[in-house]
Amino acid sequence: MRGIDAVGGDYSRETDAHDVWRSAEEHVVCFGVGLTGVTKDVDHVVEAVGRGVRVDFVMVDPRWLRAHRRVRGLLDDFYDEYAFVDRVEKAHATITALAHRFGEDGENGEVRLHTYQAWVQHSATIADPWSDRPKGYMEFHVFRRRPAWIRLVVSGFDGPRDNRPYVSHILHEVDRLIGYQLASAGSA
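According to our numbering, the sequence shown is numbered sequentially starting from 18.
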């Protein structure tokens, strides 16, 4: 399939994530349910922001999740863990602290947090998504099989900006979930 460099599972996750964050020149969009994985170790985020990269995190609103008991129950069952919402709240707090830290320190880059009120079963991290050479990966979450998640590693997308099936669909979905166009939100 056009634009796919590799298909991987849990064994390649750390390498894939490191490559995407390291390759970012201007922007990273990190989209997911709770962003619990990416917030375990934020060194790559801090390094990217230090190079002047803008990072947009897009995740489920933990207050909305806390208020919807049935959705919480579905997530607990889907991810096969008790109180998944607690980890989502912790990830939200970590990202909020990063946004405040870089906003106050006057770093070149910035961290922004966007939330949505829904549940999706995939995630994506894309470096320079609106450039001529985006690079990223998408993960499709599998019921109760976290290590068995399916990861597509993509780059270049081998086509014009208006014909990037993976990135364009993910970015369109993100825009629909948050209710505005992320590409133009807060741009100079």
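The C-beta atom is built at its ideal place from N, Cα and C for all residues, glycine as well.
Note down the Cα distance separating Arg129 from Tyr154, rounded to an integer number of angstroms. Mapped onto the sequence shown, residue 129 falls at position 112. Mapped onto the sequence shown, residue 154 falls at position 137. Cα to Cα, the separation comes out at about 20 Å.
Under a Cβ-count criterion, where at least 16 other Cβ atoms within 10 Å of its own Cβ denotes burial, should Tyr133 be classed as buried or exposed? In the sequence shown, the residue the question calls residue 133 occupies position 116. Tyr133 should be labelled buried.
In its own chain, which residues sit with a C-beta less than 7 Å from the C-beta of Asp78, not counting the 5 before and 5 after it? Counted from its first residue, the sequence shown places residue 78 at position 61. Excluding sequence neighbours, Asp78 sits near Thr132, Tyr133 and Gln134.
Can you grab the Cα-Cα spacing for the pair Gly51 / Glu98, in whole Å? Taking the first residue of the sequence shown as position 1, residue 51 is located at position 34. Taking the first residue of the sequence shown as position 1, residue 98 is located at position 81. So the two alpha carbons sit approximately 13 Å from each other.
Sub-8 Å separation of Arg87 and Thr53 beta-carbons: As a working mapping, residue 87 is identified with position 70 in the sequence shown. As a working mapping, residue 53 is identified with position 36 in the sequence shown. Cβ atoms of Arg87 and Thr53: not closer than 8 Å.
Classify His85 as helix, strand or coil using the three-state DSSP reduction. As a position in the sequence shown, residue 85 is number 68, starting the count at 1. Three-state DSSP puts His85 in coil, outside helix and strand.
Backbone secondary structure at Val57 - three-state DSSP: Sequence index remark: in the sequence shown, residue 57 carries index 40 (1-based). For the record, residue 57 in the displayed sequence is Lys; it is not Val. Lys57: coil per DSSP, three-state reduction.
Need the endpoints of the beta strand (DSSP E) that Gly153 sits in, please. Counting from one through the sequence shown, the residue named residue 153 turns up at place 136. Per DSSP, the unbroken beta strand (DSSP E) holding Gly153 starts and ends at Lys152 to Phe157.
Taking Asn125 as the reference, which of Val62, Ala100, Ala116 and Arg71 has the closest Cα? Taking the first residue of the sequence shown as 1, we reach residue 125 at position 108. The candidate whose alpha carbon is nearest that of Asn125 is Arg71.
Own chain, CB closer than 8 Å to Glu127, minus 5 neighbours either side, in chain order: Looking up residue 127 in the sequence shown gives position 110. So the qualifying residues of the chain are Val66, Arg71, Val72, Ala116, Phe119 and Gly120.
What does a CB cutoff of less than 8 Å around Val37 pick up in its chain, not counting 5 residues either side in sequence? Looking up residue 37 in the sequence shown gives position 20. Same-chain partners within the cutoff: Val45, Thr142, Ile143, Ala144, Lys152, Gly153 and Tyr154.
Between the C-alpha atoms of Leu194 and Ser148, what's the straight-line distance to the nearest angstrom? Numbered from its first residue, the sequence shown carries residue 194 at position 177. Numbered from its first residue, the sequence shown carries residue 148 at position 131. Distance between the alpha carbons of Leu194 and Ser148 is about 22 Å.
Considering only residues of the same chain and omitting the five flanking positions on each side of Thr111, which have a CB-CB separation below 8 Å? Sequence index remark: in the sequence shown, residue 111 carries index 94 (1-based). Thr56 and Val59, listed in sequence order.
Three-state secondary structure (DSSP) at Arg71? Within the sequence shown, numbered from 1, the residue matching residue 71 stands at position 54. The answer is strand: DSSP assigns Arg71 an E or B state.
Do Phe95 and Ile187 come within 8 Å of each other at the CB atom, strictly closer than that value? Counted from its first residue, the sequence shown places residue 187 at position 170. Counted from its first residue, the sequence shown places residue 95 at position 78. Cβ atoms of Ile187 and Phe95: not closer than 8 Å.
According to DSSP, is Ser148 helix, strand or coil? For the purposes of this step, residue 148 is taken as residue 131 along the sequence shown, with counting starting at 1. Of the three classes helix, strand and coil, the one that applies to Ser148 here is coil, per DSSP.
Reduced DSSP secondary structure (H/G/I, E/B, other) of Leu130: Position 113 of the sequence shown holds residue 130. The three-state secondary structure of Leu130, taken from DSSP, is strand.
With distances taken between CB atoms, is the gap from Val102 to Arg83 smaller than 8 Å? In the sequence shown, the residue the question calls residue 102 occupies position 85. In the sequence shown, the residue the question calls residue 83 occupies position 66. A contact, by the Cβ cut-off of 8 Å.
Can you have a look at Gly91 and say buried or exposed, based on whether 16 or more other CB atoms are within 10 angstroms of its CB? For this step, residue 91 is matched to residue 74 along the sequence shown. Gly is not the amino acid found at residue 91; the sequence shown has Leu there. It counts as exposed.
Would Ala100 be called buried (16 or more neighbouring beta carbons within 10 Å of its own) or exposed? Here residue 100 refers to the residue found at position 83 when the sequence shown is read from its first residue. It counts as exposed.
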